[in-house]
Amino acid sequence: MEIAAASTVSVAPQLPRLTNAFSRKLGSISSLSFGSLKRNYCVGKVSASSSVDVITADKISPASFLDKRETGGVLHFVKYHGLGNDFILVDNRDSSEPKITQEQAAKLCDRNFGVGADGVIFAMPGVNGTDYTMRIFNSDGSEPEMCGNGVRCFARFIAELERTCKGKTVQVKVDMGIPILKAQDVPTKLPGNKGEAVIQAELVVDGVSWNVAVLVWAILIVSHLLPEIGPKFEHHEMFPARTNTEFVEVLSRSHLKMRVWERGAGATLACGTGACALVVAAVLEGRTDRKCTVDLPGGPLEIEWKEEDNHIYMTGPAEAVFYGSALL
Ligand SMILES: N[C@@H](CCC[C@H](N)C(=O)O)C(=O)O
1 MEIAAASTVS VAPQLPRLTN AFSRKLGSIS SLSFGSLKRN YCVGKVSASS
51 SVDVITADKI SPASFLDKRE TGGVLHFVKY HGLGNDFILV DNRDSSEPKI
101 TQEQAAKLCD RNFGVGADGV IFAMPGVNGT DYTMRIFNSD GSEPEMCGNG
151 VRCFARFIAE LERTCKGKTV QVKVDMGIPI LKAQDVPTKL PGNKGEAVIQ
201 AELVVDGVSW NVAVLVWAIL IVSHLLPEIG PKFEHHEMFP ARTNTEFVEV
251 LSRSHLKMRV WERGAGATLA CGTGACALVV AAVLEGRTDR KCTVDLPGGP
301 LEIEWKEEDN HIYMTGPAEA VFYGSALL
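Set out below in structure tokens:
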């Protein structure tokens, strides 16, 4: 059995890179389909496409709650999670500015003094011909470019807002687009060593040498070290925009296990973009096939990096947890 740490470094660079790469496609149109209904949307500065299948049926209709309009100082939301990576979803379709500030989002995400979540996601009006735009603030208030588990929850939320889906849990497949491996697009100051990509490079963190690639492999890491080592990767000088980090164990050519330290959110139960980056890294290093199950603390994700179109497809659950109103 091989244990690799990973990745985030390895993957980390990759994650931001994926997101940053996407961000240059501002306004590009993707599709979201719920059964027979199809919607185009733009994820923040990123684009992605999803399809949703309802796998369970709810007994209650949230319609009356979702129809509520805010009065001063109150924010209505729905709490969702994808494999334990949890988000506060806000119906922001009537404005292209988020209803709350980044500071307010950080307070809401606090697990002791707020609602508790890994991030706040806003469903906003579409741009450039899209039906919707998604924006997300991390639990520290910073704004990432993309969120894999979050985009599945977003898809589920849109379906609920449009009354096209009443299931508590749905399985969502997301087209995460094309991975970009160019070092400067990650961004990382690590020099490209495989074309312009960073594969199997050395990264020194806190005096320890890690074998990283666009992902990081090869070092055993145990869970209790995550809070200690995670921030050192996140804030490493080689990653000017900080980074997400996935620590990985290779179980077989189609099975990976990972722990994540997220930029702006810390140790979370799952990270969709990280799982995608991980599979790309694993394939580039010849460690796995293109279709893998990635086990995360919150459960498994199915990831496929298709050769035909170079896109990465992620499939996993999105579950509604509760409806609430927060005092701001
Ligand atoms: N913290 C991340 C953004 C969120 C990633 C997410 N959990 C996922 O599922 O992809 C960042 O700052 O990049």
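The UniProt record's numbering puts the sequence shown at residues 1 to 328. C-beta atoms are modelled at their ideal positions from N, C-alpha and C, and glycine is treated no differently. Here the structure is a predicted model, which is why all the values come from computation and not from measurement.
Scanning its chain for C-beta atoms nearer than 7 Å, with the 5 sequence neighbours on each side dropped, one finds around Gln104 the residues Leu328, in chain order. Take Lys182, set aside five residues on each side of it, and the residues of its chain with a beta-carbon closer than 6 Å to its own are Glu196, in chain order. Counting along the chain, Ala155 sits inside the alpha helix (DSSP H) bounded by residues Gly148 to Leu161.
Leu108 and Glu143 have their C-alpha atoms spaced approximately 15 Å apart.
Every unbroken stretch of the alpha helix (DSSP H) spanning 4 or more residues and falling wholly within the segment 244-305 is given here in chain order: 272-284. With a beta-carbon spacing of about 10 Å, Asp118 and Asp140 fall beyond the 8 Å limit used to define contacts. Pro240 is not bridged by DSSP to any residue. For Asn92, same chain residues with a beta-carbon under 7 Å away, outside a window of 5 residues either side, are Pro98, Lys99, Phe122, Ala123 and Met124 in chain order. Contiguous alpha helix (DSSP H) elements confined to the segment 105-146 do not occur, taking only those with 4 or more residues.
Judged by pairs of C-beta atoms under 8 Å, the segment 164-171 does not touch the segment 277-297, as fewer than three such pairs exist.
Not one heavy atom of ligand 1 falls within 7 Å of the beta-carbon of Asp175. In the three-state reduction of the DSSP assignment, Leu203 falls in the strand class. A Cβ-Cβ distance of about 6 Å is found for the pair Asn149 and Ala270, placing them in contact under the 8 Å criterion.
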